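Quick note, the sequences are listed as chains S and C, same order.
Heads up: the first sequence runs through residues 0 to 549, numbered per numbering that gives the first Met the number 0.
Heads up: the second sequence runs through residues 0 to 158, numbered per numbering that gives the first Met the number 0.
Yeah, the Cβ is synthetic: ideal placement off N, Cα and C, and Gly gets one too.
Note that the structure is a prediction, hence the values are computed from the model and not measured.
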Amino acid sequence: MYQYDNYDQAMIDQRVAQYRDQTHRFLAGEMTEEQFRPLRLMNGLYVQLHAPMLRVAIPYGLMSSRQVRKIADISRRYDKGYVHFTTRQNFQLNWPALETVPDILAELASVQLHAIQSSGNCIRNTTSDQLAGVCAGEVEDPRPWCEIIRQWSTFHPEFAYLPRKFKIAVIGNTEDRAATKVHDIGLHLVKNHEGEVGFEVLVGGGLGRTPILGQQIRPFLEKKDLLSYLEAILRVYNRLGRRDNKFKARIKITVREHGINHIRELVEAEWVQIRDQLVLENKEIERVKQYFTEPNYEDDAAEDKSFAQMQVEDADFARWVKQNVVDHKITGYKITYISLKSPQSPPGDVTAEQLDVIAELADEFSLGEVRSTHNQNLLFTDVKQEELYALWLRLQAEGLATPNINTLTDIICCPGLDFCGLANATSIPLAKEINERFDDLDYLYDLGDIKIKMSGCMNGCAHQSVGHIGILGVDKKGEEWYQFTLGGSSEADASLGERLGRAIPKEDVVDTVAVLLDTYLELRLEDEPFLATVRRVGVDPFKERVYADN
Amino acid sequence: MQIIKDREIVEDNWLHLDDDTELHAGNITVSLSRWQSEHDRLSHREGGLGIRLSGDDPLEEIVPDLSYFSLIVLVFPVFTDGRCYSFARLLRDRYGYEGEIRAQGDILRDQLFYMSQCGINSFEMANLNHITNALAAFDDFSESYQATALKPEPLYRRR
Numbered sequence: 000m001y002q003y004d005n006y007d008q009a010m011i012d013q014r015v016a017q018y019r020d021q022t023h024r025f026l027a028g029e030m031t032e033e034q035f036r037p038l039r040l041m042n043g044l045y046v047q048l049h050a051p052m053l054r055v056a057i058p059y060g061l062m063s064s065r066q067v068r069k070i071a072d073i074s075r076r077y078d079k080g081y082v083h084f085t086t087r088q089n090f091q092l093n094w095p096a097l098e099t100v101p102d103i104l105a106e107l108a109s110v111q112l113h114a115i116q117s118s119g120n121c122i123r124n125t126t127s128d129q130l131a132g133v134c135a136g137e138v139e140d141p142r143p144w145c146e147i148i149r150q151w152s153t154f155h156p157e158f159a160y161l162p163r164k165f166k167i168a169v170i171g172n173t174e175d176r177a178a179t180k181v182h183d184i185g186l187h188l189v190k191n192h193e194g195e196v197g198f199e200v201l202v203g204g205g206l207g208r209t210p211i212l213g214q215q216i217r218p219f220l221e222k223k224d225l226l227s228y229l230e231a232i233l234r235v236y237n238r239l240g241r242r243d244n245k246f247k248a249r250i251k252i253t254v255r256e257h258g259i260n261h262i263r264e265l266v267e268a269e270w271v272q273i274r275d276q277l278v279l280e281n282k283e284i285e286r287v288k289q290y291f292t293e294p295n296y297e298d299d300a301a302e303d304k305s306f307a308q309m310q311v312e313d314a315d316f317a318r319w320v321k322q323n324v325v326d327h328k329i330t331g332y333k334i335t336y337i338s339l340k341s342p343q344s345p346p347g348d349v350t351a352e353q354l355d356v357i358a359e360l361a362d363e364f365s366l367g368e369v370r371s372t373h374n375q376n377l378l379f380t381d382v383k384q385e386e387l388y389a390l391w392l393r394l395q396a397e398g399l400a401t402p403n404i405n406t407l408t409d410i411i412c413c414p415g416l417d418f419c420g421l422a423n424a425t426s427i428p429l430a431k432e433i434n435e436r437f438d439d440l441d442y443l444y445d446l447g448d449i450k451i452k453m454s455g456c457m458n459g460c461a462h463q464s465v466g467h468i469g470i471l472g473v474d475k476k477g478e479e480w481y482q483f484t485l486g487g488s489s490e491a492d493a494s495l496g497e498r499l500g501r502a503i504p505k506e507d508v509v510d511t512v513a514v515l516l517d518t519y520l521e522l523r524l525e526d527e528p529f530l531a532t533v534r535r536v537g538v539d540p541f542k543e544r545v546y547a548d549n
Numbered sequence: 000m001q002i003i004k005d006r007e008i009v010e011d012n013w014l015h016l017d018d019d020t021e022l023h024a025g026n027i028t029v030s031l032s033r034w035q036s037e038h039d040r041l042s043h044r045e046g047g048l049g050i051r052l053s054g055d056d057p058l059e060e061i062v063p064d065l066s067y068f069s070l071i072v073l074v075f076p077v078f079t080d081g082r083c084y085s086f087a088r089l090l091r092d093r094y095g096y097e098g099e100i101r102a103q104g105d106i107l108r109d110q111l112f113y114m115s116q117c118g119i120n121s122f123e124m125a126n127l128n129h130i131t132n133a134l135a136a137f138d139d140f141s142e143s144y145q146a147t148a149l150k151p152e153p154l155y156r157r158r
């Protein structure tokens, strides 16, 4: 993974000093809350319902074991001993004291981590496919490109006060595991007719209260032009994006109001002016790429027979392998998900003790690296298959081997009313109820791939609009109600869910999920997945069943 | 009043005229609409001429006139309005403007670094107390990844 040089390190150290001074001036009364707000946000600090919340960037989801240990250490010393992973591969501390945040940032900087631009109306952390570099069939590894974008976007002086937040995701594979179509800019590494690799560029995707899928602005962009093209899009948006209404300020609305063709004309006209100045030379591309070269995989890893044998001998192991382990591009190696969706803890949460073990296991089994995923789980990318059984035993002992990846209980969930100042309704307790109600693994496996996404308000942090089953908490005269949508997806076949009908009271939410599942099991054709059934029959049959009693 | 110019505190010698005030001798700034309606009078008087622009104004329309102005004032109605950061970069990088570019309005000390990187070289800040302390903000960072008005090559060409 990328390693800071003196330039990178000096900049984040100076950022810590700058923020320490800003915090000091705020606490001394030299700055109003309104003036301090964007400064703390651009350092990841929100003020939430009960306490501040600090969001730390995990650039494109990559962590070293040393960084994981530091995260555990920080959560113990400055918080309540756990952290929460988000859909954008970052993590959050829910209870830091505002006064100690500069110290936390200094601790993070000591292991090349930061909270820069993890909030605020600026370019946020760039995200990617969690299987980047290790899955088969990739056009090219997106990670070096993410790092190049990270550096270009960090402290970009022109784009620190945009109309609204701005998110970029990059993938190198046709399967979209990074939800690129719901990002402000989605970049797909693609090959053109001549066999050259470049980027397909999408713009104007986003969720929140007006979910919109991104549209193609350029079918093919040469690598050397990546930064100039991004700069052209950002400059057009910075000048044109609406600043009169924060709900209409995202680039998705700019694109919708002006039309993709007009936006394309503006961007291309801007780009022509700057493309020769901001050429990304091969020297720099190669400099960054050298940090992401393939490790020395062992040639004899494929000769192992024990992996198959242990699956025969231990049904629990076999079940975990089937659900949580996926193929690596190198035979003999496996990619292993660590589920953070156990019924015992809120989705995406992990304790300091678990993090310490994860760091230890990463060193022992997976080349010292851990990744975070868009689905709020963690991942070991390079495990030799002969060592999977030993790894599984250790994960199990820590409650980290829940075999539910991509099942109904692998729920994406926001913090909701329990933590968030914006929420209208709770989400974590409902996720727990769903997890407890549907705890029969055979039933879960029979249901197959179903993505529930549940947000406690229309800001939609859990991306409910693109959930196979989307659940959105709304406030009705002080009571918590929930609006269901069906048939959404954030993957390559992205679509927005369709509303099921009127909102449902909190006490009926889990029963409603049960009715939806029963309906699906009755309607599905052979092995048809949930999403395919919904797309085939539409929402009406589900609607009839759910609202039949009233 | 005192302003920051080229990282020093200096007395301001400009007068910002509103559209109804009679023209003065000396250094004055006018709005875009006044410049457009009184182009001839303004371009034939003694003294320095400056123009005030906000993010709403069509920057490109005044580009042919840039040689008339020794000062361009970029007005920030609220500190969260970032449009004039792009204006400053365009004026310097694309249109080759070499005169003074000044930030006026709701400006925070913590914005001076980015503003100066975009090519703004003078600052009218409301609170005098803040001015002296604010000078340190120009040194918040010793490097930046991007090409800026101060360092015309991005870091990746220099590292």
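Euclidean distance between Cα positions of residue i and residue j
i, j, result
"residue 60/S", "residue 90/S", "10 Å"
"residue 177/S", "residue 409/S", "16 Å"
"residue 155/S", "residue 107/C", "17 Å"
"residue 17/S", "residue 9/S", "12 Å"
"residue 212/S", "residue 402/S", "31 Å"
"residue 93/C", "residue 222/S", "23 Å"
"residue 11/C", "residue 346/S", "58 Å"
"residue 419/S", "residue 220/S", "40 Å"
"residue 26/S", "residue 493/S", "46 Å"
"residue 256/S", "residue 262/S", "10 Å"
"residue 160/C", "residue 356/S", "This structure cannot settle anything about residue 160/C, because the visible part of chain C is limited to 0 through 158."
"residue 317/S", "residue 363/S", "22 Å"
"residue 145/S", "residue 517/S", "42 Å"
"residue 271/S", "residue 151/C", "19 Å"
"residue 184/S", "residue 199/S", "10 Å"
"residue 334/S", "residue 322/S", "11 Å"
"residue 538/S", "residue 56/S", "38 Å"
"residue 106/S", "residue 67/S", "12 Å"
"residue 530/S", "residue 147/C", "49 Å"
"residue 298/S", "residue 1/S", "25 Å"
Range of the contiguous beta strand (DSSP E) that encloses residue i
i, result
"residue 518/S", "Run containing residue 518/S: none in the beta strand (DSSP E); it sits in the alpha helix (DSSP H), 508-522."
"residue 54/S", "51-55"
"residue 218/S", "214-221"
"residue 81/S", "81-84"
"residue 326/S", "324-326"
"residue 201/S", "196-202"
"residue 46/S", "44-46"
Residue i - partner residues in DSSP beta bridges
i, result
"residue 412/S", "453/S"
"residue 480/S", "473/S, 504/S"
"residue 468/S", "451/S, 485/S"
"residue 296/S", "DSSP, once it has assigned bridges, lists no residue as partnering residue 296/S."
"residue 170/S", "187/S"
"residue 15/C", "28/C"
Residue i, enclosing alpha helix (DSSP H) - first and last residue
i, result
"residue 270/S", "259-273"
"residue 9/S", "5-26"
"residue 6/C", "No alpha helix (DSSP H) contains residue 6/C, which DSSP labels as neither H nor E."
"residue 433/S", "427-436"
"residue 137/C", "Here residue 137/C belongs to no alpha helix (DSSP H), and DSSP marks it neither H nor E."
"residue 490/S", "From DSSP, residue 490/S is part of no alpha helix (DSSP H); its letter is neither H nor E."
Any non-hydrogen atom of the ligand MG closer than 7 Å to residue i Cβ
i, result
"residue 441/S", "Judged by which ligands are present, the structure shown has none, so any question about the ligand MG falls away."
Taking Cβ-Cβ distances below 7 Å as the criterion, which residues of the segment 159-188 of chain S are in contact with chain C? Those would be 159, 160, 161, in chain order.
Residues of the segment 99-133 of chain C whose Cβ lies closer than 7 Å to any Cβ of chain S, in chain order: Closer than 7 Å at the C-beta level to chain S, one finds these residues of the segment 99-133 of chain C: 107, 109, 113, 116, 117.
Closer than 7 Å between beta carbons: that is the criterion. Which residues of the segment 13-40 of chain S meet it against chain C? When C-beta distances to chain C are compared with 7 Å, the residues of the segment 13-40 of chain S below that value are 13, 17, 21, 34, 37, 38, in chain order.
Enumerated in chain order, which unbroken segments of the alpha helix (DSSP H) with a length of 4 residues or greater are wholly contained in the segment 121-147 of chain S? DSSP assignment within the segment 121-147 of chain S yields no whole alpha helix (DSSP H) run of 4 residues or more.
Fully enclosed by the segment 331-399 of chain S, which beta strand (DSSP E) runs are 3 residues long or longer? Fully enclosed beta strand (DSSP E) runs of 3 or longer: 332-337, 348-350, 368-371, 377-383.
Where the segment 234-254 of chain S meets chain C: residues whose CB sits under 7 Å from a CB there: Along the segment 234-254 of chain S, going in chain order, the ones with a CB nearer than 7 Å to a CB of chain C are 234, 237, 238, 242.
At a CB distance below 7 Å, what residues from the segment 72-102 of chain C approach chain S? Give them in sequence order. Sequence-ordered contacts of the segment 72-102 of chain C with chain S read 79, 80, 81, 82, 84, 85, 88, 93 [C-beta pairs closer than 7 Å].
Using a Cβ cut-off of 8 Å, which residues of the segment 70-100 of chain S contact any Cβ in chain C, in chain order? If the cut-off is 8 Å between Cβ atoms, the segment 70-100 of chain S has nothing near chain C.
Quick one: which unbroken alpha helix (DSSP H) runs of 4-plus residues sit fully inside the segment 65-147 of chain C? Chain order, please. Whole alpha helix (DSSP H) segments, 4+ residues: 82-88, 111-117, 127-133.
The segment 348-359 of chain S: positions lying closer than 7 Å to chain C by Cβ: Residues of the segment 348-359 of chain S that bring their beta carbon within less than 7 Å of a beta carbon in chain C are absent altogether.
In chain order, what residues of the segment 128-156 of chain S put their CB closer than 7 Å to some CB of chain C? Correct list: 150, 151, 153, 154, 155, 156.
Report the residues of the segment 138-152 of chain C with a CB closer than 8 Å to any CB of chain S, ordered along the chain. Under the 8 Å Cβ criterion, the segment 138-152 of chain C contributes 139, 140, 141, 142, 143, 144, 145, 146, 147.
In chain order, what residues of the segment 307-335 of chain S put their CB closer than 7 Å to some CB of chain C? Answer set for the segment 307-335 of chain S: empty.
Between the segment 268-296 of chain S and chain C, which residues of the former have a C-beta closer than 9 Å to a C-beta of the latter? Answer in chain order: 272, 273, 276, 277, 279, 280, 282, 283, 286, 287.
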